[in-house]
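Novice: Let me give you the structure first, and then I'll get to my questions.
Numbering (my numbering), first residue to last: 14 to 195.
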């Protein structure tokens, strides 16, 4: 530890050690082993090793199958927790968004239903007014017909009475004529 610049084989040894422990190496982790070295150089050496046939074989040989080393679990766990928390926040956001959209749709439907009901009420009110007017008009016509019927009956009685009086008068005249001839 404490070397200014690491030699390629030293970086490779540390990388192999990390792979055996179950953690794929990164330049950041290797920098811990070499105090003050150039991170760019570490990354190049590391990339060369990781992409070489030896590095690939080494990774293949030591990659964890079902069991993660505790050091890797300690490293990964906080990230998993953060991702999980972010997923929970995002799912809650989606639920809230869905709820807002549902409320907006419900409000639109309620407003439309209220508008339709208002129009229906106005239409019904208008129809009721029109029906009332028609009923009033019909009643006034019925009253007029009844009045005209009554006048017709009175006129008929008057005509009948006058006819009766004329017949009486004609008979009286006819009797006078017969008396004067006799």
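All residues carry an ideal CB built from backbone N, CA and C; glycine is no exception.
Out of 26, 184 and 146, state which residue places its alpha-carbon closest to the alpha-carbon of residue 67.
Specialist: Within the chain shown, residue 67 is the residue found at index 54, counting from 1. Measuring from the Cα of residue 67, the nearest candidate turns out to be 26.
Novice: Identify the continuous alpha helix (DSSP H) that holds residue 23 and give its terminal residues.
Specialist: Position 10 of the chain shown holds residue 23. Going by DSSP, residue 23 is part of the alpha helix (DSSP H) stretching over 21–33.
Novice: From the DSSP output, in three-state form, read off residue 65 for me.
Specialist: Position 52 of the chain shown, counted from the start, is the residue given in the question as residue 65. Of the three classes helix, strand and coil, the one that applies to residue 65 here is coil, per DSSP.
Novice: Between residue 33 and residue 111, what straight-line distance do the alpha-carbon atoms span, to the nearest angstrom?
Specialist: For the purposes of this step, residue 33 is taken as the residue at position 20 of the chain shown. For the purposes of this step, residue 111 is taken as the residue at position 98 of the chain shown. Cα to Cα, residue 33 sits roughly 48 Å from residue 111.
Novice: Using a threshold of 8 Å, state whether the C-beta atoms of residue 24 and residue 58 are closer than that.
Specialist: Here the question's residue 24 lines up with position 11 in the chain shown. Here the question's residue 58 lines up with position 45 in the chain shown. In contact: residue 24 and residue 58 (Cβ atoms closer than 8 Å).
Novice: Whole angstroms is fine: what's the gap from residue 20's alpha carbon to residue 92's?
Specialist: As a working mapping, residue 20 is identified with position 7 in the chain shown. As a working mapping, residue 92 is identified with position 79 in the chain shown. Each residue's Cα considered, the two are about 32 Å apart.
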